[in-house]
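So for the sequence shown, our numbering puts the first residue at 85; every next one is plus one.
For glycine and all other residues, C-beta sits at the position ideal for the given N, C-alpha and C.
These numbers come from a predicted model, not from an experiment.
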Amino acid sequence: MPRKTERSAFAAAGRTAIIAALLLIACGRDRDRAEPATHLYVWAADADGKESDFLAVIDVDSLSMTYGQVVATAPIGAVHTMPHHTEMLAPARGRALFANGYMAGKTWLFDLSDPLAPRVERVIDSVPGFRQPHSYLRLRDGRVLATLQFGDRTRPGAAGGLALYSPSGDLVRAVSSADSSLPGADIRTYSLDAAERIDRLVTTSSPMDPTRPADVVQVWRLRDLRLLKTLRLPDEPADSADQYPFEVRFLPDGNAFLNTRNCGFYLLTGLTSEAPAIERILALPGGPAMCGVPTLKGRHWIMPVGTLGQYLVLDIADPRRPRITSVLAADAGFFPHWTAVDPGSDRLVMTSGRMVPDPPDNRVRLARFDSTAGRLTWDMSFGRSGAGVSFNRDTWPHGATGPAIPHAAVFGPGPRR
85 MPRKTERSAF AAAGRTAIIA ALLLIACGRD RDRAEPATHL YVWAADADGK ESDFLAVIDV
145 DSLSMTYGQV VATAPIGAVH TMPHHTEMLA PARGRALFAN GYMAGKTWLF DLSDPLAPRV
205 ERVIDSVPGF RQPHSYLRLR DGRVLATLQF GDRTRPGAAG GLALYSPSGD LVRAVSSADS
265 SLPGADIRTY SLDAAERIDR LVTTSSPMDP TRPADVVQVW RLRDLRLLKT LRLPDEPADS
325 ADQYPFEVRF LPDGNAFLNT RNCGFYLLTG LTSEAPAIER ILALPGGPAM CGVPTLKGRH
385 WIMPVGTLGQ YLVLDIADPR RPRITSVLAA DAGFFPHWTA VDPGSDRLVM TSGRMVPDPP
445 DNRVRLARFD STAGRLTWDM SFGRSGAGVS FNRDTWPHGA TGPAIPHAAV FGPGPRR
């Protein structure tokens, strides 16, 4: 073969190989990209406490014949457990969803491998020396961190702590949130978020009872759950926005943003330094308004505000200068509290946080989020007349047990194809 022709042949072969490699990479990315969820898993309490609490499964595949219907339930065989928080995202296929029955002080693990036949895989009793698990965070390796609200009452303050579980629910270790720099502090470990890239974990302190706990956040080294720093929220005499540090989320730059239950907003910085800091950014006017469980979606903080009956969307691209881009009003009686995102679409799920509404409004609703405009709107295709799925009903797939109260809800995939 002449040298020029040989070079051309090699060049063509090289181009073909590059194109093939790019196609393989593109296909791999397509496989990794999240698809829209097909099912919604809702953790619910039997309203009158006479029948079992349960996990409900709602079809959220808009192309399905059963879209917007409760298609399955998994009763847990226990009453008055107060179904409360689950993980914020459904786990990968093959792993169980962690969910707490707060008053029971136990964690239920649900096998979701078949959405039409969910089942209780395991029940985790209380961690020795601690009580009342609250929130869960799954790490990249599949292990799960849980916050524990109370510690041993024989110790002043009965500070809560953290538990680390294997993916199957075996206890790996538990540590206390007690800090010798704040002896006897009533630390009620509540919410958590981690940034594995920088080896940090942040927890908040807020109670599930009418007591006044320590208004602190805590910074931990993630790899060994070593407590590094306890920070008090800056006090502002003019209001109570610093009370009840509630939910925290890491930002892409390694800082963290949090809201208090009383609707104060704070920024944590320097989390990998010897001197992490917290600063007050914003407080909603008008006093405590019961800010709930937010969703951080891109640069937007989607905030349910219970007593206002609204969802506020804050653009926190510059977290020191947040701006409201959208306000979505809920119906009268619906108490905005829980939100969670569908990683594969623009949808969020909303549930009402009032345990005993009057009149009752125990619904699960979907909303859609325009990330370009920062605008949140109700998904009017979901449920009867777009009003969502009511849990004020007589019958369920597991029987005629009457109304239920939904709390945590997460999107998840359907059965493996």
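task = Inspect the beta-carbon positions of GLN233 and ARG215 and report whether they are closer than 8 Å.
result = Taking 8 Å as the Cβ cut-off, GLN233 and ARG215 qualify as a contacting pair.
request  = May I have the straight-line CA-CA distance separating CYS111 from ASP195, to the nearest angstrom?
outcome  = The predicted model places CYS111 with a pLDDT of 42, which falls under 50 and marks its position as unreliable; any figure quoted below should be read in that light. About 29 Å.
Endpoints, beta strand (DSSP E) assigned at PHE475 = Here PHE475 belongs to no beta strand (DSSP E), and DSSP marks it neither H nor E.
task = Starting from GLN302, trace the beta strand (DSSP E) both ways and give me its first and last residue.
result = 300-305
key: Given 8 Å, three or more beta-carbon pairs between the segment 289-297 and the segment 316-334   = yes
request  = For GLU205, name the three-state secondary structure that DSSP assigns.
outcome  = Three-state result, GLU205: strand.
key: Minimum C-alpha distance to ALA493 - residue among GLU135, MET172, GLY467, GLY458   = MET172
ask   = Could you give the C-beta distance for ALA262 and GLY235, rounded to a whole number, given that I count them as a contact under 8 Å?
value = 7 Å
request  = Within 10 angstroms of the Cβ of LEU200, are there 16 or more other Cβ atoms? Answer buried if so, exposed if not.
outcome  = exposed
task = Below 6 Å CB to CB, which residues in the same chain sit around THR461 once its five sequence neighbours on both sides are set aside?
result = ARG452
ask   = Do you know offhand how far ASP209's Cα is from THR191's?
value = 7 Å
ask   = How big is the Cα-Cα spacing for TRP385 and VAL377?
value = 10 Å
message = Let me confirm a value: VAL411 is counted as buried when at least 16 other C-beta atoms fall within 10 Å, else exposed. Which label applies?
response = Label assigned to VAL411: exposed.
ask   = Under the three-state reduction of DSSP, which class applies to ILE282: helix, strand or coil?
value = Three-state result, ILE282: helix.
ASP506 to PRO490 span [Cα, whole Å] = Because the chain is modelled from 85 through 501, residue 506 falls outside the range shown and cannot be assessed.
task = Rounded to whole angstroms, what's the CA-CA distance from SER436 to ALA424? Just pull it up for me.
result = 13 Å
request  = Along the beta strand (DSSP E) that carries GLN327, what are the first and last residues, could you check?
outcome  = Per DSSP, GLN327 belongs to no beta strand (DSSP E) and is neither H nor E.
Supposed close pair LEU181, ALA158 - CB separation, criterion 8 Å = Not confirmed; about 10 Å, so no contact.
ask   = Do you know how far the Cα of THR391 is from the Cα of GLY428?
value = Straight-line measurement puts the Cα of THR391 at about 30 Å from the Cα of GLY428.
query = So what does DSSP say about SER465, is it helix, strand or coil?
reply = coil
query = Which residues in the same chain have their Cβ closer than 7 Å to the Cβ of LEU106, if we skip the five residues on either side of it in sequence?
reply = Per-residue confidence for LEU106 stands at a pLDDT of 38, beneath the threshold of 50, marking its modelled position as unreliable; no derived number is given.
query = In whole angstroms, what separates the C-alpha of ARG468 from that of ILE271?
reply = 43 Å
ask   = How far does the beta strand (DSSP E) with VAL448 in it reach, from first residue to last?
value = 447-454
key: First through last residue of the beta strand (DSSP E) which encompasses LEU396   = 394-399
ASP130 - containing beta strand (DSSP E), residue span = 123-130
ask   = Would you report the Cα separation of PRO297 and ARG333, rounded to the nearest angstrom?
value = 21 Å
task = Drop a sphere of 10 angstroms on the beta-carbon of MET464, count the other beta-carbons inside from all chains shown, and report buried for 16 or more, exposed for fewer.
result = exposed
task = Assign GLY458 to buried or exposed, taking buried as 16 or more other Cβ atoms, counted over all protein chains shown, within 10 Å of its Cβ.
result = Answer is buried; the Cβ neighbour count reaches 16.
request  = Using DSSP bridges, identify the partner residues of GLU363.
outcome  = LEU351
Under the three-state DSSP convention, the category GLY371 falls into = coil
inquiry  = Please return the same chain residues whose Cβ sits closer than 6 Å to the Cβ of LEU380, not counting the five positions on each side in sequence.
reply    = ARG333
ask   = Do you know how far the Cα of GLY348 is from the Cα of GLY371?
value = 10 Å
message = Beta-carbon within less than 7 Å of ASP245's beta-carbon, same chain only, minus the 5 sequence neighbours each way: which residues are those?
response = According to the sequence as given, residue 245 is Gly; it is not Asp. Taken in chain order, the residues that qualify are PHE214, LEU232, GLY235, ALA258, VAL259, SER260, SER261, THR273.
key: Sequence-distant residues of its chain with Cβ nearer than 8 Å to ARG431 (five each side left out)   = PRO120, ALA121, VAL144, VAL425, LEU450, ALA451, ARG452, PHE453, ASP463, PHE495
query = Looking only at C-alpha atoms, which of SER275, VAL301, ALA278, ASP399 sits nearest to ALA269?
reply = Answer by Cα proximity: VAL301.
request  = Check whether the Cβ atoms of MET387 and ASN346 sit closer than 8 Å, and answer yes or no.
outcome  = no
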